[in-house]
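**Q**
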Amino acid sequence: MPQSSLIIFCTCPDRNTAEALARLLVSNQLAACVNIVANLISIYSWQGQIESAEECLLLIKAHQDNYPAIETALRKHHPYALPEIIAVAIQQGLPDYLHWINTCTPAK
1 MPQSSLIIFC TCPDRNTAEA LARLLVSNQL AACVNIVANL ISIYSWQGQI ESAEECLLLI
61 KAHQDNYPAI ETALRKHHPY ALPEIIAVAI QQGLPDYLHW INTCTPAK
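1 is the number of the first residue of the sequence shown in the numbering used here; add one for each residue after it.
1) Taking Leu-82 as the reference, give the member of Gln-47, Ile-90, Ile-101 and Thr-103 with the closest Cα.
2) Tell me the rounded alpha-carbon separation between Tyr-97 and Ile-50.
3) Any heavy atom of the ligand FMN closer than 7 Å to the Cβ of Ala-53?
4) So, Cys-56 versus Ile-36, is the Cβ gap smaller than 8 Å?
5) Please go through the same chain and pick out, in chain order, the residues whose beta-carbon is closer than 8 Å to the beta-carbon of Val-26, but skip the five residues on each side of it.
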């Protein structure tokens, strides 16, 4: 049975931004749950330089049909010029949990 749930990764510059984005997504029923992983260190190339930053990581669980609306909301409200927004299909998981994700996030 093909799954219809996604986990979307998005890094944020700080906890306040992460919480605001998480609450926005959940309150608008775009995501069933958003975990915030604090104290993440990112090392990346940006404009020809190697950069390092302490960030928070959002782990966003949602129905795949809501991805376009989630991407739009993140791009609109995220402070980064180029936010990390990466979606991965959930291939397997506890069936009841996956059902809960899809029940909480009706397709928009």
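For every residue, glycine included, the Cβ atom is placed at its ideal position computed from N, Cα and C. For clarity, every value in this text was computed on a predicted model and none was experimentally measured.
**A** Quick look at the numbers:
1) Answer by Cα proximity: Gln-47.
2) One Cα belongs to Tyr-97, the other to Ile-50, and the distance between them is close to 39 Å.
3) Absent from the structure shown: the ligand FMN. Ligands present: none.
4) It is a contact, given that the beta carbons lie within the stated cut-off.
5) The answer, listed in chain order, is Ala-32, Cys-33 and Val-34.
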